[in-house]
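Trainee: Protein chains in written order, with this note's numbering: chain A, 1 to 298; chain B, 1001 to 1273; chain C, 2001 to 2335; chain D, 3001 to 3334.
For every residue, glycine included, the Cβ atom is placed at its ideal position computed from N, Cα and C.
Quick caveat: nothing in here was measured; it's all calculated off a predicted structure.
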């Protein structure tokens, strides 16, 4: 007998994930998540809607006069390559998010599927894949990514990069989902579901997956962060596809043209700042989502 | 179809700590028989005695390392194919210890009842409704008052009755109840315990009642098996085993129950355990 | 006999933003005298654990005392449990605590002997060697081999760990020990020996033990006096023998009658209904929706706790108030 | 029992190295274009820097590295034979210096920078996180948390970039250096050399310290908040133990278990984004070496660093596994 059992029933853990997030606006405010999602929405608009209105393709060089400081015509000035920083930034944000989301969505799906499968099926599948997953996690990604990217310097497409990022990132969610499924599998309601005549697939989908959703949302945003960070890292040292505008390649070109030392701050500061804000935003979302998990085990 | 239970020389070992770990005999060469008539068999023991493992073996949730278990016409764990397993589940149903974990917190409690009806009896949604309502009535609940609610809307006692109702839907011959009342307050326990006795008498269902509580075991059992460190140390008619225990361990167990009305004798000393 | 602890008109609530406050305790009155074991019985949500939290003086939000007075009386000095400063001075030296789960109350990565040493060092000024020697002999006194002092908690059985915790709680010979379900999770044979240890130490040191347990059988075996709580209030309190021989409150009667006994074929029934939601308790007597002897009066007026027989108090309208009795009398134990 | 514990760990250690090195071998081969061709053409395009003899020698070596003469299995076997002796061939960008020599020269710089800054961040972050988690209610701790939240998710190199921007625009007088030491200084234990090295390591170290400080602070705070509610901590408070004992021997001691694990992992993963920080500051460590190798298509050097990173991370994990039981009595080689 404690305060928990005395209290009126806890808020229904049956609420959908979205409802849970939404309700957090109110009394049990989760300001982190609300702030994170709001700024993320802003980034999505800047990255995916704004570029449609670009007067000139920002990816093409030498369309505009070079090295112009910010003005009414060019809100963030122009680069030494004759691009509008403002429109280039919008396109870069969009592309970075696209890479991040692409990697994150596929990674999370593969991870949840593999984790749920090996966790629930167990046995030899679990042992073999478990070892593989542990090894893949222990292997540092960046040097191998650089090795891969360097071998194809220039030839590696963005798609190839995304595929490699997926290949190296699915083991994380898989391992965590496996652990969660292993503990969920011990819950009584799973045994009850078996004795209700439910098949394995239905048990996974109906009984287990709903418990993984808040985690999956947290993992998704976190993977967006990791993927963008890796891509940016590769771009900053010049081994990704440098013709594809992303936050990383934008910083790369600014550094290559000595923007910092030539006083072209409007070229280097916006992408750096945008990257920092984007990372903080994604982190707020991801840690906010993990906090909504609290209601799960009421 | 019958509800007889035949446990023949069953041993279950677990490995602790990985593939090179030590082997633990959770259930050690246990043989028990329950005749084909409505019976309550209690498996009584303390934590680690192997009683829950044995219950899970009977349910087929674990496979015996050695020996066989037969329930009616089935050899547990040897059913092949979904149809055979479902047939087994029509005859044997479980009730678990923790009422708060019996129903998935993210789904309405009645989902599990409807799924049982539709999967195991092949009923349509409408027929299922009648089956669910009937089962709920047996345990003293109305479908209209529970439908669509989640587990946190119920007390432990109500959840445990819902759990019994779900188990009753396929009209089983045997219900295996693992510590079904230990999470309930003493004043509410007898509702569930009396319900078992009533179901045995009216519907002819046999029960395997797993418990560490000797008083309720005495109260409803026809037969009792006392388990200690994986072995059955004493088994027989409940009245005989619990009021005139022969095995030393059973005696110590009986002597240590804090019963109202029987004062402990002062020179009793169980020593440090 | 002077009182050791007095509880007068105690009401406490759990308050949480956005939820209606939970009235965990309502107008609780009783007191403890030196050298007795008082059992507090009751089921989930009856307020027994909250009571222990208040008595130990470890009040933390969301728990809050609404009304009433709880005080310790030590050597003529009166210490309110809400006085954090004074309480921290007497804690463990004069009033100690045996928690529920010995599995998790010991630091898993520190040897028992070391943890024991910290407890002693925090309250007594002894030399290192002196401390060690006394701890060693005390550990033997509670029936444990000396080697447990060199062990880590996970290397001990549940019964041994609980003995360690009991030793820590009684080492300084406190006048009052609060025990919260001290045998939960232990097997019955071990439970019996642990309870026996508590009683032996209590008699030997002349301590007072307030023991909370949901198990009526334990109170029957161990307690000198039993307090039965229901829905945050005291329903009945009496010397244990009298309470079990002739319970007066309908709740106590039903509760005892619902317990099956070995060798007894009598049909046992649960109490109908379930305990009230303390965020919105029923008016009048809180037991009235479940009471077989309910009267109109019970639905409106909360019965006061009155002494119907010497040292036997009950809060029920079935027992008329004697003219002389003051309303809301405090049951005083007379030893 | 001890033997079993060690052999299990050793087995998984070897397995990780096996899988990791195999990936390093196969990744360039599982690609649509022939990696060898790509590198050979790159090598030739850089042939202008080399005399024709050296270019030819390089080509020979490249063919040998890729083992293009044998079957895939033979190539793989040859790769292992050379890898086990630490022989990754000559570097192409600094031909014919052996890769192992280049790595050995760069390693002390990286280890010095990363180990020192990681340890500083670890100690500071854990201490602050401990107090912030234990005394949750203070407003000051909340501000610190907000700062940590704002810094931790940013990759090291982006923060490094931000630091450079701030320093060059806002505090132009700040004494930063680029490179390992001032130009012209010979390595040695002279005061001048050490000071110069310290000065030049300041900014890269600061960016690493800040980011990892954020991580340690946040994780320690979460741990301390959780531990504060653990039964044994509450009981210790009930028993009136000294606050110093509770903080040190109960909260900190138990929080150390996961934090040491994490530290070992993070020391092992010096090959993460922290390496890229070096590039920004032209700091002469492994990161810059990796960058040069990538920029010049120095295949041997890239493979050498990648293989080294696999071994280093796996070794850190193994050492952790072997020492962990000393820290946590519950796993005493069981």
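Return yes when the Cβ of residue 1237/B is within less than 9 Å of the Cβ of residue 1213/B, no when it is not.
Mentor: Result no, Cβ atoms of residue 1213/B and residue 1237/B do not sit closer than 9 Å.
Trainee: Give me the residue from 1164/B, 1078/B, 1061/B, 1009/B with the minimum Cα distance to residue 1205/B.
Mentor: 1164/B
Trainee: Comparing C-alpha positions only, which one of 2215/C, 2093/C, 2139/C sits nearest to residue 2048/C?
Mentor: 2215/C
Trainee: Inspect the beta-carbon positions of residue 1186/B and residue 2043/C and report whether they are closer than 9 Å.
Mentor: Yes.
Trainee: Have a look at residue 1136/B and residue 1054/B and give me their C-alpha separation to the nearest angstrom.
Mentor: If you take the alpha carbons of residue 1136/B and residue 1054/B, they lie about 29 Å apart.
Trainee: I'd like to know whether the C-beta atoms of residue 2045/C and residue 2213/C end up nearer to each other than 9 Å.
Mentor: Between residue 2045/C and residue 2213/C, the CB-CB gap reaches or exceeds 9 Å.
Trainee: Less than 9 Å between the beta carbons of residue 3212/D and residue 3117/D, yes or no?
Mentor: yes
Trainee: Would you say residue 2220/C reaches chain B, if we count a Cβ-Cβ gap shorter than 9 Å as a contact?
Mentor: yes
Trainee: CB-CB under 7 Å to residue 2293/C, same chain, minus the five flanking residues each way: which ones, in chain order?
Mentor: 2250, 2318
Trainee: Using a Cβ-Cβ distance cut-off of 9 Å, determine whether residue 2091/C contacts chain D.
Mentor: yes
Trainee: Closest by CA to residue 2272/C, which one among 2280/C, 2278/C, 2259/C, 2254/C?
Mentor: 2254/C
Trainee: For chain A, is any of its Cβ atoms less than 9 Å away from the one on residue 3351/D?
Mentor: Lying before the first or after the last residue shown, residue 3351/D is absent from chain D, which here runs from 3001 to 3334.
Trainee: Please name the residue or residues paired with residue 1033/B in a DSSP beta bridge.
Mentor: 1006/B
Trainee: Would you call residue 83/A buried or exposed, if buried means 16 or more other Cβ atoms sit within 10 Å of its Cβ?
Mentor: buried
Trainee: What does residue 134/A touch in chain D if you count any residue whose Cβ is under 9 Å from its own?
Mentor: Near residue 134/A (Cβ distances below 9 Å), the residues of chain D are 3012, 3015, 3016.
Trainee: Quick check: residue 225/A and residue 111/A, are their CB atoms within less than 9 Å of each other?
Mentor: no
Trainee: Measure the Cβ-Cβ separation of residue 360/A and residue 75/A and say whether it is below 9 Å.
Mentor: There is no way to answer for residue 360/A, as the model of chain A reaches only from 1 to 298.
Trainee: Indicate whether at least one CB of chain D lies closer than 9 Å to the CB of residue 2168/C.
Mentor: Closer than 9 Å: yes.
Trainee: Any Cβ of chain D within less than 9 Å of the Cβ of residue 2125/C?
Mentor: In terms of beta-carbon proximity, residue 2125/C stays away from the interface with chain D, with every pair separated by 9 Å or more.
Trainee: Just to confirm the assignment, what range does the alpha helix (DSSP H) spanning residue 238/A have?
Mentor: Going by DSSP, residue 238/A is part of no alpha helix (DSSP H) at all; its letter is neither H nor E.
Trainee: Just how far apart, CA to CA, sit residue 2077/C and residue 2174/C?
Mentor: 15 Å
Trainee: Using 8 Å as the cut-off, can you tell me whether the segment 1169-1179 of chain B makes contact with the segment 1045-1064 of chain B, which would need three or more C-beta pairs spanning the two stretches below that distance?
Mentor: yes
Trainee: Distance cutoff 9 Å, beta carbons only. Does residue 3405/D sit that close to anything in chain A?
Mentor: For chain D, the structure presents residues 3001 to 3334; residue 3405/D sits outside this window and is missing.
Trainee: DSSP beta-bridge partners for residue 2023/C?
Mentor: Partner(s): 2013/C.
Trainee: At what residue ranges does the segment 2060-2146 of chain C contain a whole run of the alpha helix (DSSP H), taking only runs of 4 or more?
Mentor: With a minimum length of 4 residues, the continuous alpha helix (DSSP H) runs that stay inside the segment 2060-2146 of chain C are 2084-2090, 2112-2123, 2128-2141.
Trainee: Would the segment 2050-2057 of chain C count as touching the segment 2252-2270 of chain C if we require 3 or more Cβ pairs under 8 Å?
Mentor: With a cut-off of 8 Å, the segment 2252-2270 of chain C and the segment 2050-2057 of chain C do not count as touching, because too few Cβ pairs lie within range.
Trainee: Count the other CB atoms, across all protein chains shown, that sit within 10 Å of the CB of residue 3246/D; report buried if there are 16 or more and exposed otherwise.
Mentor: buried
Trainee: If I'm right that residue 1172/B touches residue 1090/B with Cβ under 8 Å, what's the distance once you round it to whole angstroms?
Mentor: 7 Å
Trainee: Decide if residue 1207/B is buried, meaning its Cβ has at least 16 other Cβ atoms within 10 Å, or exposed.
Mentor: Residue 1207/B comes out buried.
Trainee: Output the boundary residues of the alpha helix (DSSP H) element that contains residue 1200/B.
Mentor: Where residue 1200/B is concerned, the enclosing alpha helix (DSSP H) stretches over 1186-1203.
Trainee: Does residue 189/A have its Cβ less than 9 Å from a Cβ in chain D?
Mentor: no
Trainee: Does the segment 3254-3261 of chain D come close enough to the segment 3318-3330 of chain D that 3 or more CB-CB pairs lie under 8 Å?
Mentor: yes
Trainee: Of all the CB atoms in chain A, is at least one closer than 9 Å to the CB of residue 1082/B?
Mentor: So, interface residue.
Trainee: Leaving aside the five residues before and after residue 23/A along the sequence, list all residues of the same chain whose C-beta is less than 6 Å from its C-beta, in chain order.
Mentor: With a pLDDT of only 47 at residue 23/A, under 50, the local geometry of the prediction cannot be trusted, and the value read off the model is given with reservation. Answer for residue 23/A: no residue qualifies.
Trainee: Taking only beta-carbon atoms, is residue 1095/B less than 9 Å away from chain C?
Mentor: no
Trainee: Chain A partners of residue 3150/D, CB-CB under 8 Å?
Mentor: 280
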